[in-house]
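As you go down the protein sequences, you meet chains S and L in turn.
So the first sequence is residues 78 to 229, counted in my numbering.
So the second sequence is residues 5 to 342, counted in my numbering.
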Amino acid sequence: MSQSWEPKIIAFLCNWCSYPAADLAGVGRMQYPPNVRIVRVPCSSRVSANLILSALKSGADGVLVSGCHPGDCHYISGNLYARRRFALLKNLIEFIGIEPGRVNFFWAAASEGGKIVEVMKTVSASVKELGPAGRMVKRFDVPARSPQQKFA
Amino acid sequence: MSQINSKITEEIRSKVKALLSAEEIAAFVGFIDGTLPMTARPFTARSPEDADRLVFNSFCVVNPAVYLPPLLKSLEPPRRPTDPLPEGPLPKVGILATGCWSRNISIQLQENQIARERVVVLGTGCRGMVDMRKVGSIIDGREIEKAYELDDRISVSGKGFSEEILLEDVLRDNCLTCICPNPVIMDHRVGGQVPDRRVDNRFPFVDEIESKSLDKRWEWFQNEISSCIRCYACRNVCPLCYCPTCFVDDSRPQWVGKSLDPADTSIFHILRAFHCAGRCTNCGSCETVCPMGINMRVLTSKLTKDVIDLYGTEAGVDSDAPLPLTTYSETDRQDFMV
Ligand code: SF4
Ligand code: SF4
Ligand code: SF4
Ligand code: FES
């Protein structure tokens, strides 16, 4: 592995706590690793297994999913339902041989800009340690046509 | 002929005949003899005469609950999707149910796919169904021309051979680890109650895989699914899979590509199993119908095991308890989080 390799990490952050936390980090000029690409979702329970696996399939080296702390979900209990699903999904993908550090979950409140930066740093360091994702990546994907192309 | 099963068969026939003649039900989902030896075919009886063809034996390997939601729907008067349901009672459907089949019916009820008042369940205890592949390996793959069952054995014969095989040697793996051989819901009983089986370890295959290293597990998974031809028979036969559009058929976004790329096949298997998390009843239909002999039930078993470990419940056993993934507790474990 070359020294310059940097992992790509997709972060699914909920609109109401985790995304604002990342925003707060930005406003506060806290630096977080540029490896993390953020996708804003309405709630952590929006993050289906489909989304997580699609990220891996499309070449993400790591995935981060974050929502409000239990009790703080904007939709009352979305994150509590999601917590059960995440626990099972994480176990299942590790069962079939996906490295434990690839898919990560955490909670962050809107005020926790510092925490989200810390988590991003730890996760990107540990994914870097794991090296490029090899499992679940689709190698010969035909590039999808964008909607614009359709009308071209 | 197996005394036990022929008695059940007789009882099913007379009960279904009575129900159909009295027009109490419009149709009954059961089994008739298949065209090949050792097979039974799912069948919808719609007239009292049809009822005479019904059978119950150790070859009923498909979970008939899969037919229930579409059959009930097809018996409703035609109407546009936005029109309200017509007044008055709708036609009912009868169904045969063993332990796991009844659990699937119970789950369909909990998930609002069927209405209790439209379903008449004929419940029977089940002593397990035969795995054709196990029989095949005992007789070295020779062609079976004739087969019949006795109470604890099946007798198979073909060109130049005739053998009696103990039933317990050829039961399907899911039947060997069955914890619920008697129906959890029923309106009429056919046959007797069967004793609960003694199951020391419910998840032997899961334990075996769990004990491997990460790389070995990946190797096992890739090897297991490598021959999958993505016929989706395992999905079609599953009574949990009633989605109008399955994720495998979505085209934008396309969650799984149409190719046989290992990544696509892996995602198909992970997601199919995951969609059954906290719902699978270990009925074994998926594994039985797979033309490639893939043991994809290991994945759903892993999920079942985790659900029991983490949330202490299991789908369909107690019809009053909510399904594990439709509920939560504030104290659910979250030590898997960073
Ligand atoms: S039935 Fe078997 S071959 Fe067909 S999609 Fe399922 S696992 Fe693959
Ligand atoms: S695999 Fe999932 S999406 Fe497909 S029918 Fe089953 S539950 Fe629905
Ligand atoms: S996943 Fe397989 S064993 Fe589970 S309910 Fe569906 S068909 Fe039965
Ligand atoms: S809104 Fe943040 S987790 Fe539900």
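Where is the CB? At the ideal position from N, CA and C, for every residue including glycine.
The structure presented is a predicted model; accordingly, all values stated were derived computationally and were not measured.
- Taking the CA atoms as reference points, Cys145(S) sits about 35 Å from Arg107(L).
- Nearest to Ser51(L) by alpha-carbon distance, out of Glu27(L), Pro199(L) and Val134(L), is Glu27(L).
- DSSP links Pro46(L) through a beta bridge to Phe35(L).
- Taking 8 Å as the cut-off, the Cβ atoms of Ala44(L) and Val20(L) do not count as close.
- The closest CA to that of Val116(S), considering only Ile175(S), Leu141(S), Leu133(S) and Val104(S), is found on Leu141(S).
- Closest in C-alpha terms to Gly282(L), from the list Thr304(L), Ala267(L), His273(L) and Thr292(L), comes Thr304(L).
- Asp144(L) and Lys138(L) have their C-alpha atoms spaced approximately 10 Å apart.
- Using beta-carbon distances, Arg337(L) counts as an interface residue toward chain S, with a partner under 8 Å.
- Among the bridge pairs identified by DSSP, Leu170(L) is matched with Arg157(L).
- Pro74(L) and Arg17(L) have their C-alpha atoms roughly 23 Å apart.
- Leaving aside the five residues that flank Val260(L) on each side, the residues in its chain whose CB is nearer than 6 Å to its CB run, in chain order, Val252, Asp268, Ile271 and Phe272.
- Cβ contact annotation for Glu176(S) (same chain, cutoff 7 Å, sequence separation greater than five): Leu207, in chain order.
- Within its own chain, the residues whose Cβ lies closer than 6 Å to the Cβ of Ser161(L), once the five positions on either side in sequence are excluded, are Lys150, listed in chain order.
- Residues of the stretch 166-189 of chain S with a C-beta atom less than 9 Å from some C-beta of chain L are Leu166, Lys167, Asn168, Leu169, Ile170, Glu171, Phe172, Ile173, Gly174, Ile175, Glu176, Pro177, Asn181, Phe182, Phe183 and Trp184, listed in chain order.
- Short note on Ser188(S): C-beta not closer than 7 Å to any heavy atom of ligand 4.
- About 6 Å separates the CB atoms of Tyr332(L) and Arg161(S); that is less than 8 Å, so the two are in contact.
- Judged by the Cβ position, Ser323(L) fails to qualify as a neighbour of ligand 3 at the 7 Å threshold, every heavy atom of the ligand being at least this far.
- Counting only residues of its own chain and dropping the five nearest sequence neighbours on each side, Tyr158(S) has a CB closer than 6 Å to the CB of Ser122.
- Taking a beta-carbon distance threshold of 8 Å, Pro147(S) counts as an interface residue toward chain L.
- For Ser289(L), the CB stays at least 7 Å from every heavy atom of ligand 4.
- Think of a sphere of 8 Å around the beta carbon of Asn112(S): no beta carbon from chain L falls inside it, the nearest being about 15 Å out.
- Going by C-alpha positions, Val124(L) is about 30 Å away from Val311(L).
- Excluding five sequence positions before and after Trp222(L), none of the CB atoms of its chain fall closer than 7 Å to its own CB.
- Under the three-state reduction of DSSP output, Leu126(L) falls in the strand class.
- Restricting attention to beta strand (DSSP E) runs no shorter than 3 residues, the stretch 102-166 of chain S encloses them at 113-118 and 139-144, ordered along the chain.
- Taking the Cα positions, Val66(L) is about 49 Å away from Ala202(S).
- Burial is judged here by how many other beta carbons sit within 10 angstroms of a residue's own beta carbon; Ile153(S) has fewer than 16 and is exposed.
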